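Notes to accompany the following structure.
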Amino acid sequence: MYRYILSFLLSTSVLCLSAQHMHPSTKRGYADSVNNGIIKSDTLKKSVGRTAMYTIGKTHVHIAYSSPGVRNRVVWGGLVPYDEVWVTGAHKATSISFNKDIFIEGRKIKSGTYALFTIPGTKIWQFILNKRYDQHLTDQYNAAEDILRIPMQPSKVAFTPRLTYEVKQSGSSKGVIHFRWERLQWNIPFQITQ
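Now the structure itself:
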């Protein structure tokens, strides 16, 4: 009887593991699989919901966004116009949450949830945090509700088919918000309070 139970548990575990391996197209898994070359052709027309998060000390940073694909489109100056406010994702405004106060370029950002917008330029972009995080596209955007607007300069990166955010630690009390899509990337360093 012991052998049958052990055999059953072992075969069930193998089936579960193989099922997970065969279906990497969960919302987050699909975009990662495209970006890592596991899925060779990105045929999914919709933008998939994704999250990026990291905890540094007791400070948790959480980004929720939609990840569009390049799919043979002109992104910069085409799909995403220059010199216009962009949700920096798709559909809804990208939201970013901090469970504790942080500092970006010496400016205190209180704990809470914000909309993350950008204004792409040909060379310089604007990074924006806005009080109103629950917005559809930029329909309800109001610059008077910005709590932070800083210039940044994107740099070139290897081709990234699906828009991707990461939050990484860069020191004992420092982190970085990292964005990449198509052939551009940018970073916003931040510091936590102890």
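Numbering that gives the first Met the number 0 puts the first residue of the sequence shown at 0, with every later residue one more than the last. Every residue gets a Cβ at the ideal spot worked out from N, C-alpha and C, and that includes glycine. These figures come from a predicted structure and were not determined experimentally.
*Going straight from the alpha carbon of G120 to that of I176, what length do you get?*
As a first step, residue 120 is located in the sequence shown; it is residue number 121 there, counting from the start. As a first step, residue 176 is located in the sequence shown; it is residue number 177 there, counting from the start. So the two alpha carbons sit approximately 19 Å from each other.
*Can you tell me where the beta strand (DSSP E) with D145 in it begins and where it stops?*
Position 146 of the sequence shown holds residue 145. Run containing D145: 145–151, per the beta strand (DSSP E) assignment.
*Quick one: which unbroken beta strand (DSSP E) runs of 3-plus residues sit fully inside the region 58–100? Chain order, please.*
58–66, 93–97
*beta strand (DSSP E) containing T163: first to last residue?*
On the sequence shown, position 164 is the one that residue 163 refers to. First-last of the beta strand (DSSP E) with T163: 154–170.
*Kindly confirm or deny that the region 58–77 and the region 150–162 touch, where touching means at least three C-beta pairs closer than 8 Å.*
yes
_Residue burial classification, C15 (beta-carbon count within 10 angstroms, cutoff 16)_ = In the sequence shown, residue 15 corresponds to position 16, counting from 1. Note that C15 scores 42 on pLDDT, short of 50, meaning its location in the model is unreliable; the coordinates nonetheless yield the value given after this. That one is exposed.
*For I55, which residues of its own chain have a beta-carbon under 6 Å away from its beta-carbon, when the five flanking residues on both sides are left out?*
In the sequence shown, counting from the first residue as 1, residue 55 sits at position 56. Same-chain partners within the cutoff: Q168, G174, I191.
*Between which two residues does the beta strand (DSSP E) harbouring L115 extend?*
As a working mapping, residue 115 is identified with position 116 in the sequence shown. Per DSSP, L115 belongs to the beta strand (DSSP E) from 111–118.
*Are the Cβ atoms of K91 and H135 separated by less than 9 Å?*
Counted from its first residue, the sequence shown places residue 91 at position 92. Counted from its first residue, the sequence shown places residue 135 at position 136. Yes, these two residues count as a Cβ contact at 9 Å.
*Measuring CB to CB, does R182 end up less than 9 Å from V156?*
As a working note, residue 182 is residue 183 in the sequence shown. As a working note, residue 156 is residue 157 in the sequence shown. Cβ distance < 9 Å, so R182 and V156 count as in contact.
*Would you call T150 buried or exposed, if buried means 16 or more other Cβ atoms sit within 10 Å of its Cβ?*
For the purposes of this step, residue 150 is taken as residue 151 along the sequence shown, with counting starting at 1. Per the sequence shown, the amino acid found at residue 150 is Pro instead of Thr. Result: exposed.
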